[in-house]
Each structure stands twice: as C-alpha cells, then as structure tokens.
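J.: With my numbering, letter number 272 in the sequence shown gets 273, and the count goes up by one each step, no holes.
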Amino acid sequence: MEVKKIFVVGAGFMGAGIAQVGAQAGYEMYLYDIAPAAVEKGIAGIKKLLAKKVDKGSMTQEALDATMNLIKPSSSLDDAADVDLVIEAVYENADLKKDIFSKLDAICREDCILATNTSSIPITSLATAVKNPAKFIGMHFFSPVPVMRLCELIRAIKTSDETIAIVAEVAQKMGKTTVVAKDVPGFIVNRINSAMRCEAYKCLEEGVATIEDIDKAMKMGANHPMGPFELADFVGLDVNYSVLSTLYAGYKDNKFAPNLTLEKLVTAGDLGRKTGKGWYDYSSGEKKPRTDVKF
Ligand SMILES: NC(=O)c1ccc[n+]([C@@H]2O[C@H](COP(=O)([O-])OP(=O)(O)OC[C@H]3O[C@@H](n4cnc5c(N)ncnc54)[C@H](O)[C@@H]3O)[C@@H](O)[C@H]2O)c1
Numbered sequence: 002m003e004v005k006k007i008f009v010v011g012a013g014f015m016g017a018g019i020a021q022v023g024a025q026a027g028y029e030m031y032l033y034d035i036a037p038a039a040v041e042k043g044i045a046g047i048k049k050l051l052a053k054k055v056d057k058g059s060m061t062q063e064a065l066d067a068t069m070n071l072i073k074p075s076s077s078l079d080d081a082a083d084v085d086l087v088i089e090a091v092y093e094n095a096d097l098k099k100d101i102f103s104k105l106d107a108i109c110r111e112d113c114i115l116a117t118n119t120s121s122i123p124i125t126s127l128a129t130a131v132k133n134p135a136k137f138i139g140m141h142f143f144s145p146v147p148v149m150r151l152c153e154l155i156r157a158i159k160t161s162d163e164t165i166a167i168v169a170e171v172a173q174k175m176g177k178t179t180v181v182a183k184d185v186p187g188f189i190v191n192r193i194n195s196a197m198r199c200e201a202y203k204c205l206e207e208g209v210a211t212i213e214d215i216d217k218a219m220k221m222g223a224n225h226p227m228g229p230f231e232l233a234d235f236v237g238l239d240v241n242y243s244v245l246s247t248l249y250a251g252y253k254d255n256k257f258a259p260n261l262t263l264e265k266l267v268t269a270g271d272l273g274r275k276t277g278k279g280w281y282d283y284s285s286g287e288k289k290p291r292t293d294v295k296f
C-alpha cells in the first residue's frame, strides 16, 4: 500500500509538528483535535515556522503555499474514513487513546494503519482497542518534531513486518531516521534518558549541585544540547512524570521512581515552559532560577 493521506489526531505540540513534516514530505495531512482552537493554533504555528524559513531564504513562498494547502483542518473523526495512516498524538492517557482508537477502528478502511505517538503506554495494550493488531504500531517522534531527526518504530507483539516497512518509509520520507524497538517501557531513548534524568534529580536532592550547575555540567561536560532540567521543562513535567511512572511500574526498578519534587511541581500545575514555570521560571520571557520555590 502506498500512503498518501494521513490523519493526525491531537493538534497539540506533537500533532502540529507531525502535520508539518508530513505536509513538507508531500502527504495530504488532516489535522483533528477535540478542541477546534487547537487545530487553528496548530496550523497558525506551522505557517509562522515556515514563514521564518521563507524570510531566511531556505524555503520559497510557493513551497510554503503548497505545504499549507496539504494541511486540512478537521473537526470530525469521520474524516479518517479514507486515509491510509492515522497518527494519534492526544494526551498521554491510556483510556483516552483506547477510546479514540476503537472509534477510529469503526471509521477507517480495513487496510488503514493505526499509529500512536505515545511516549510510554505499552503499544500492545493500545492495540487491543482495534480489530486487526497487525496494522497497529508505535510511531514515536521527538520534540520539536520538525527539528529532531529520529522516529522510533515500536513493534507491538502482533505488529506485522509489512506495517513496519510501510511506516518506516513514511517516517523516512518525513526526513526521519528510523529505528525499530520492541514494546518495552520507554522504548530506547526514553528508557536511557529517564535513567539519566533520575540521576540528575538525585544529585539535586543530595545537594550535590544546583539545578543550574547540573544543567551546565551536562552541556559542557557531556556535550548535551540541553541539561536534564532544561530538557524536562521543554518536554513538559507532566509528560516526564507520566513516562517515569510507566517505567517504574513496568520494570519495578527503583532507579525509575518518580522524584517527589517533580510530582509536587506537576500537582501545582508548574509543567515547564508551557505553563511559564517548572524547574526554572520563564515568566519574564527568559529562563531564570525560581525564587518562589526552595529546591
Ligand atoms: N511533548 C513531547 O515532547 C512528546 C514527545 C514524544 C511523544 N509525546 C507524546 O505525544 C502525545 C501528545 O503530546 P503533546 O506534547 O503534543 O500534548 P499536547 O497537550 O500539546 O496536545 C495534546 C492534544 O490532544 C488534544 N486532545 C485531547 N483529547 C482529545 C480527543 N479526545 N480527541 C482529539 N484530540 C484530543 C488536546 O486538545 C491537545 O491539543 C502524548 O502521547 C505524548 O506522550 C510527547
């Protein structure tokens, strides 16, 4: 099967990025969200990013127009009736995702592939929501999607080789390098990164160094583009917390135990950059140490 039309469910941070790289690769992209304002915001954000490329001379106005024409706003799951691939990127909640996939299963063509961008929910458990789990796969992009070069493909226990091959081709056309991982908690990148981030949290708790110095150390000493706290704020502390909870439950290994301060920040609604405060304070428009919280 040749993929031509793709339906993205969830027009947030990841969904909008996926719609962008898909359209840039020439796919007809439908962008759906339960909140129509999210679709509008997502499409406006894509246009703004592409306009910057036009300003810099790395994209022509014609290419921008052609890309934007390939992105169709959608206000109904029924628009997925004739697509070849669905990529789901709604909140990280297993019941919500299963409910959406069971609805899509009744709407989509039989040969349509259903993919989830979940960071941490077992793909095999989400695949139980559909009739044909051979067509179900994890397609894990990294943020920001237009910038990050990897897409992990997750083989659930019944995912077929054909599904993996088709989705790999799509991701590669979107400019991503693909790797195939088994359906284990955290897959490859989040498993390794989470263990490292937990060590950073322990360093903070033990008073080894400040947040700023831990970030500085990992940037200067290990050549990471962002320190572990900056990266957690960038990805979202709620996503970070949910990934750690899944790893902890999956491996039953204390090394992944979610940090208590992280839990409190999430409870307080300080989710990182997107809410203006996380491990750092961004409310002035710049990244600053927090003065309202004692870490
Ligand atoms: N943020 C990251 O760095 C990152 C990286 C890789 C994977 N992911 C995964 O991608 C998914 C989305 O993450 P995000 O950061 O884009 O979240 P987000 O909060 O930015 O966007 C989620 C969107 O889903 C929409 N939504 C909620 N319920 C819906 C429903 N019933 N139908 C349609 N849309 C619905 C929301 O309105 C929202 O716009 C999650 O599973 C997350 O774990 C996130």
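Yeah, the Cβ is synthetic: ideal placement off N, Cα and C, and Gly gets one too.
Is it the case that the Cβ atoms of L248 and S195 are separated by a distance below 7 Å?
T.: Taking the sequence shown and counting its residues from 1, one reaches residue 248 at position 247. Taking the sequence shown and counting its residues from 1, one reaches residue 195 at position 194. In contact: L248 and S195 (Cβ atoms closer than 7 Å).
J.: If I measure Cβ to Cβ from L78 and keep anything under 7 Å in the same chain, skipping five residues before and after, which residues do I get?
T.: Position 77 of the sequence shown, counted from the start, is the residue given in the question as residue 78. In the same chain as L78, and ignoring 5 residues on each side of it, the C-beta atoms closer than 7 Å to its own belong to Y33, K104, L105, I108, in chain order.
J.: Measuring CA to CA, which of D85, G277, L65 is closest to V4?
T.: In the sequence shown, counting from the first residue as 1, residue 4 sits at position 3. Of the candidates D85, G277, L65, the one whose C-alpha sits nearest the C-alpha of V4 is D85.
J.: Assuming S76 is part of the alpha helix (DSSP H), what are its boundary residues?
T.: In the sequence shown, residue 76 corresponds to position 75, counting from 1. The continuous stretches of alpha helix (DSSP H) do not include S76, and DSSP gives it neither H nor E.
J.: Is K179 helix, strand or coil when you go by DSSP?
T.: By one-based count along the sequence shown, residue 179 stands at place 178. Looking at the sequence itself, residue 179 is Thr, so the reference to Lys does not match. Under the three-state reduction of DSSP, T179 is assigned to strand.
J.: Any heavy atom of ligand 1 closer than 6 Å to the CB of F137?
T.: As a first step, residue 137 must be located in the sequence shown, where it is residue number 136. F137: no, Cβ never under 6 Å from ligand 1.
J.: By Cβ distance, which residues of its chain are closer than 8 Å to E29, with the 5 residues on each side in sequence left out?
T.: Walking along the sequence shown from the start, residue 29 turns up at place 28. Answer for E29: K5, K6, I7, L71, K73, listed in chain order.
J.: Hey, A17 and G46 are a contact pair by Cβ (cut 8 Å); roughly how many whole angstroms apart?
T.: Translated into positions along the sequence shown, residue 17 becomes position 16. Translated into positions along the sequence shown, residue 46 becomes position 45. Yes, A17 and G46 are in contact; Cβ-Cβ is about 6 Å, under 8 Å.
J.: Looking only at its chain, what residues have a beta carbon closer than 7 Å to the beta carbon of C152, apart from the 5 residues adjacent to it on each side?
T.: For the purposes of this step, residue 152 is taken as the residue at position 151 of the sequence shown. Here the set comprises M140, H141, F142, A172, K177, T179.
J.: Are F235 and W280 closer than 7 Å when you measure CB to CB?
T.: The residue given as residue 235 occupies position 234 in the sequence shown. The residue given as residue 280 occupies position 279 in the sequence shown. For F235 and W280, no; Cβs fall outside 7 Å.
J.: Would a C-beta distance cut-off of 7 Å place V267 and S121 closer than the cut-off?
T.: On the sequence shown, residue 267 is found 266 positions in, with the first residue counted as 1. On the sequence shown, residue 121 is found 120 positions in, with the first residue counted as 1. No, these two residues do not count as a Cβ contact at 7 Å.
J.: For the putative contact between T129 and E89, defined by C-beta atoms under 8 Å, what is the C-beta separation to the nearest angstrom?
T.: Within the sequence shown, residue 129 is the residue found at index 128, counting from 1. Within the sequence shown, residue 89 is the residue found at index 88, counting from 1. Between E89 and T129 the Cβ distance is about 15 Å, and since that is not below 8 Å, they are no contact.
J.: Helix, strand or coil for F235? Go by DSSP, reduced to three states.
T.: For this step, residue 235 is matched to residue 234 along the sequence shown. Helix, per DSSP.
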